[in-house]
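*Asks:*
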Amino acid sequence: MVSATVGRAGVLGAVALSLLAVPARAATGTPDTPATTARQAAATPAAAGRQAAATAARQAAATAARLTAATPAAAPRGPAVAALPAPDTAGLAAVLRSVVAQGAPGALARIDDHGRTYRVTRGVADRVTGRAISTGDRFRIGSVTKTFTTVVLLQLVDEHRLALDAPVNRYLPGLLPDDRITVRHLLSHRSGLYDYSDDMFAASVSGFEAVREKVFTYRQLVALSLKKPRTNAPGAAYSYSNTNFVVAGLLVEKLTGQPVRTAYRNRIVKPLKLTDTFYVHPDTAIPGRHTRGYLTPDRAGAPLVDATAQTVSWAQSAGAVISSARDLDAFYGALLKGRLLSAARLADMERFTKVNSTTAYGLGLRRRDLSCGVSVYGHTGAVQGYYTYAFGTKDGGRTLTAMANTSNNAKVLNTLAGALESAFCGK
105 MVSATVGRAG VLGAVALSLL AVPARAATGT PDTPATTARQ AAATPAAAGR QAAATAARQA
165 AATAARLTAA TPAAAPRGPA VAALPAPDTA GLAAVLRSVV AQGAPGALAR IDDHGRTYRV
225 TRGVADRVTG RAISTGDRFR IGSVTKTFTT VVLLQLVDEH RLALDAPVNR YLPGLLPDDR
285 ITVRHLLSHR SGLYDYSDDM FAASVSGFEA VREKVFTYRQ LVALSLKKPR TNAPGAAYSY
345 SNTNFVVAGL LVEKLTGQPV RTAYRNRIVK PLKLTDTFYV HPDTAIPGRH TRGYLTPDRA
405 GAPLVDATAQ TVSWAQSAGA VISSARDLDA FYGALLKGRL LSAARLADME RFTKVNSTTA
465 YGLGLRRRDL SCGVSVYGHT GAVQGYYTYA FGTKDGGRTL TAMANTSNNA KVLNTLAGAL
525 ESAFCGK
């Protein structure tokens, strides 16, 4: 059975074909309960005192101004969009059933549609206890983190502290071997910097076990990338690379004088009241009630590996944020409505380079073109144990987050993409 509830609301690595069927338990259908609040890692040191408080106050004021300046009723962006059909919750349930049949212990989806919420779940959050997965669970969002990092940097552009077309080396002297690599090149994956994680996870389980408790510095990860030739000249071509967003994290910390954790919290998490969103690096635990994540080994028939506890230090600002379906829907809804950035910066973010017949990439933002002619905007995430799709309509009025608690399983990843069709194209 599948639980689908509808209610009013306020609003990587190498792929294996090893599939392990896991018995699924139906979700209960009771309302999701908020996860308990958990500690975050230490914020700005006390020695920073009044300067840190003043900086945080300025950031809060700037973000509050953005939030009040753009509301859902503000001037619409672009031409009017035809009303979408209602979400196909039966189709969404079928997608999640298939995901579980293909090897994910559990899967969830939440749609927020102009104040109306749809929740669909299938399977388990924990293979040991058998606890049913819930749309209220927290999980690792992987590369969806890249949108968070981009928002912070584009806010700094709005504050005239960063120029998109300036060389990265202007802000981080000597870091990169080519002064032609700009901030825009990083955020659009057109820098040509080699993705160090391709080598790190050539073997999924052994590669993961080698780094799951390791703590890297940003510069160590950049150094791993620079050992390899670049994939293309700056600006010449799109080539997805986690290295780009490691450098982006360095930029955030250099320009703000704060850890990325603090920038995420002050600029996004607190203003939007995202109660399930954390950056705990280098801690290994997910705070509060969460879904456990399971890595599919490369060898067919080998058991799933519980990958829940990890530093995610190999990714950091490229993929280490923890969140929930509710928070991701709220985040992308606010972003696409223009509540986090100026209109000019959001336009920069939505200047897309075609990747293939159905996807394009802007600045830390993907566009997916669906079969019904609708385009949706957001990001995908893959980190050991979790696959995530988080997307919204152009106006931010309807958002979807779908997650399966496994990774390194191509069938699950591709099937989960069907949640977008059910959520935005209807029957």
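Heads up: the sequence shown runs through residues 105 to 531, numbered per the working numbering. Built from N, CA and C at the ideal position, the CB exists for glycine as well.
Can you tell me the Cβ-Cβ gap for residue 268 and residue 256, rounded? I've got them flagged as a contact below 8 Å.
*Replies:* The residue you call residue 268 lines up with position 164 of the sequence shown. The residue you call residue 256 lines up with position 152 of the sequence shown. Going by Cβ atoms, the distance from residue 268 to residue 256 rounds to 13 Å, so no, they are not a contact pair.
*Asks:* Given that a residue counts as buried once 16 or more other Cβ atoms are within 10 Å of its Cβ, and exposed if not, what is residue 394?
*Replies:* The residue labelled residue 394 in the question sits at position 290 within the sequence shown. Buried, because 16 or more other Cβ atoms sit within 10 Å of the Cβ of residue 394.
*Asks:* For residue 481 versus residue 497, is the C-beta distance shorter than 9 Å?
*Replies:* Translated into positions along the sequence shown, residue 481 becomes position 377. Translated into positions along the sequence shown, residue 497 becomes position 393. Yes, Cβ-Cβ distance for residue 481 and residue 497 is below 9 Å.
*Asks:* Assign residue 368 to one of three DSSP states: helix, strand, or coil.
*Replies:* Looking up residue 368 in the sequence shown gives position 264. It is helical.
*Asks:* What does residue 495 pair with, by DSSP beta-bridge criteria?
*Replies:* Residue 495 sits at position 391 when you count from the first residue of the sequence shown. BP columns for residue 495 point to 482 and 504.
*Asks:* Spatial neighbours of residue 309 within its chain, please: C-beta separation below 6 Å, excluding the five flanking residues on both sides.
*Replies:* For the purposes of this step, residue 309 is taken as residue 205 along the sequence shown, with counting starting at 1. Excluding sequence neighbours, residue 309 sits near 401 and 409.
*Asks:* Grab the span of the beta strand (DSSP E) containing residue 422 for me, first residue to last.
*Replies:* As a position in the sequence shown, residue 422 is number 318, starting the count at 1. Neither: residue 422 is in no beta strand (DSSP E) and is coded neither H nor E.
*Asks:* Let me confirm a value: residue 264 is counted as buried when at least 16 other C-beta atoms fall within 10 Å, else exposed. Which label applies?
*Replies:* For the purposes of this step, residue 264 is taken as the residue at position 160 of the sequence shown. Flag for residue 264 reads exposed.
*Asks:* So what does DSSP say about residue 461, is it helix, strand or coil?
*Replies:* Taking the first residue of the sequence shown as position 1, residue 461 is located at position 357. Residue 461: coil per DSSP, three-state reduction.
*Asks:* Just verifying my parser: in three-state terms, what is the DSSP assignment at residue 256?
*Replies:* By 1-based counting over the sequence shown, the position of residue 256 is 152. It is helical.
*Asks:* How many angstroms separate the CA atom of residue 177 from the CA atom of residue 208?
*Replies:* In the sequence shown, counting from the first residue as 1, residue 177 sits at position 73. In the sequence shown, counting from the first residue as 1, residue 208 sits at position 104. Because the pLDDT of residue 177 is 36, which lies under 50, any placement of that residue in the model is unreliable, and the question is left without a value.
*Asks:* With DSSP run on the structure shown, which of helix, strand or coil describes residue 233?
*Replies:* Here the question's residue 233 lines up with position 129 in the sequence shown. Reduced to three states, the DSSP call for residue 233 is coil.
*Asks:* Between the alpha carbons of residue 342 and residue 424, how many angstroms are there, rounded?
*Replies:* Working through the sequence shown from its first residue, we reach residue 342 at position 238. Working through the sequence shown from its first residue, we reach residue 424 at position 320. Whole-angstrom Cα-Cα distance: 23 Å.
*Asks:* Under 7 Å Cβ to Cβ from residue 450, same chain only, skipping five residues before and after it: list those, please.
*Replies:* What you label residue 450 is simply residue 346 of the sequence shown in a count that begins at 1. So the qualifying residues of the chain are 442.
*Asks:* Would a check of beta-carbon distances place residue 305 closer than 9 Å to chain D?
*Replies:* In the structure shown, chain D does not exist; there is a single protein chain.
*Asks:* So which of 511, 274 and 243 has the shortest CA-CA distance to residue 355?
*Replies:* As a working mapping, residue 355 is identified with position 251 in the sequence shown. Nearest C-alpha to residue 355: 274.
*Asks:* Would you list the residues sitting across from residue 213 in a DSSP beta bridge?
*Replies:* Along the sequence shown, read from residue 1 onward, the residue named residue 213 stands at position 109. Per DSSP, 224 and 506.
*Asks:* Should residue 511 go down as buried or exposed, given a rule of 16 or more other Cβ atoms within 10 Å for buried?
*Replies:* The count along the sequence shown starts at 1 and reaches residue 511 at position 407. That one is buried.
*Asks:* Between which two residues does the beta strand (DSSP E) containing residue 243 stretch?
*Replies:* Here residue 243 refers to the residue found at position 139 of the sequence shown. 242-244 is the extent of the beta strand (DSSP E) around residue 243.
*Asks:* Taking the Cβ atom as the reference point for each residue, do residue 322 and residue 421 lie within a distance shorter than 9 Å?
*Replies:* Here residue 322 refers to the residue found at position 218 of the sequence shown. Here residue 421 refers to the residue found at position 317 of the sequence shown. Yes. Within cutoff.
*Asks:* Can you tell me which of 501, 285, 418 and 478 puts its alpha carbon nearest to the alpha carbon of residue 313?
*Replies:* Sequence index remark: in the sequence shown, residue 313 carries index 209 (1-based). The residue with the shortest Cα to Cα distance from residue 313 is 418.
*Asks:* Determine whether the beta carbon atoms of residue 436 and residue 251 lie at a separation below 9 Å.
*Replies:* As a working note, residue 436 is residue 332 in the sequence shown. As a working note, residue 251 is residue 147 in the sequence shown. A contact, by the Cβ cut-off of 9 Å.
*Asks:* Counting Cβ pairs closer than 8 Å, one from the region 350-369 and one from the region 322-336, do we hit at least three?
*Replies:* These segments touch.
*Asks:* Quick one: is the Cβ of residue 222 within less than 8 Å of any heavy atom of the ligand NAD?
*Replies:* Only the bare structure without any ligand can be found here, which leaves the ligand NAD out of the picture.
*Asks:* When DSSP labels each residue in this structure, what does residue 375 get in the three-state scheme?
*Replies:* Stepping through the sequence shown from its first residue, residue 375 is reached at position 271. If DSSP states are grouped into helix, strand and coil, residue 375 belongs with the helices.
*Asks:* Answer yes or no: do residue 245 and residue 210 have a C-beta to C-beta separation smaller than 9 Å?
*Replies:* Position 141 of the sequence shown, counted from the first residue, corresponds to residue 245. Position 106 of the sequence shown, counted from the first residue, corresponds to residue 210. Contact: no.
*Asks:* Which of helix, strand or coil does DSSP assign to residue 279?
*Replies:* Locating residue 279 in the sequence shown gives position 175, where the first residue counts as 1. Residue 279: coil per DSSP, three-state reduction.
*Asks:* Run through DSSP, which three-state label would residue 179 get?
*Replies:* As a first step, residue 179 is located in the sequence shown; it is residue number 75 there, counting from the start. Its pLDDT being 38, under 50, residue 179 is placed unreliably by the model, and the measurement read from it follows with that caveat. It is coil, neither helix nor strand.
*Asks:* Is there contact between the region 426-435 and the region 357-367, where contact requires at least three CB pairs shorter than 8 Å?
*Replies:* Flag = no, the region 426-435 and the region 357-367 do not touch.
*Asks:* Have a look at the DSSP bridge pairing and note the partners of residue 188.
*Replies:* As a working mapping, residue 188 is identified with position 84 in the sequence shown. Answer is none; residue 188 lacks a bridge partner.
*Asks:* In the structure shown, what three-state DSSP assignment does residue 487 receive?
*Replies:* Numbered from its first residue, the sequence shown carries residue 487 at position 383. Of the three classes helix, strand and coil, the one that applies to residue 487 here is strand, per DSSP.
*Asks:* Taking the alpha-carbon positions, what's the residue 249 to residue 530 distance?
*Replies:* Counting from one through the sequence shown, the residue named residue 249 turns up at place 145. Counting from one through the sequence shown, the residue named residue 530 turns up at place 426. Roughly 28 Å separates the two Cα atoms.
*Asks:* How close, in whole Å, do the beta carbons of residue 215 and residue 527 come, if the pair is a contact with beta carbons under 8 Å?
*Replies:* By 1-based counting over the sequence shown, the position of residue 215 is 111. By 1-based counting over the sequence shown, the position of residue 527 is 423. Confirmed, Cβ separation roughly 5 Å.
*Asks:* Is the separation between the beta-carbon of residue 457 and that of residue 217 shorter than 9 Å?
*Replies:* Start at 1 with the first residue of the sequence shown, and residue 457 comes out as number 353. Start at 1 with the first residue of the sequence shown, and residue 217 comes out as number 113. No.
*Asks:* Can you tell me whether residue 399 is helix, strand or coil according to DSSP?
*Replies:* In the sequence shown, the residue the question calls residue 399 occupies position 295. Residue 399: strand per DSSP, three-state reduction.
*Asks:* Please state the DSSP three-state secondary structure of residue 518.
*Replies:* Along the sequence shown, one-based indexing puts residue 518 at 414. Of the three classes helix, strand and coil, the one that applies to residue 518 here is helix, per DSSP.
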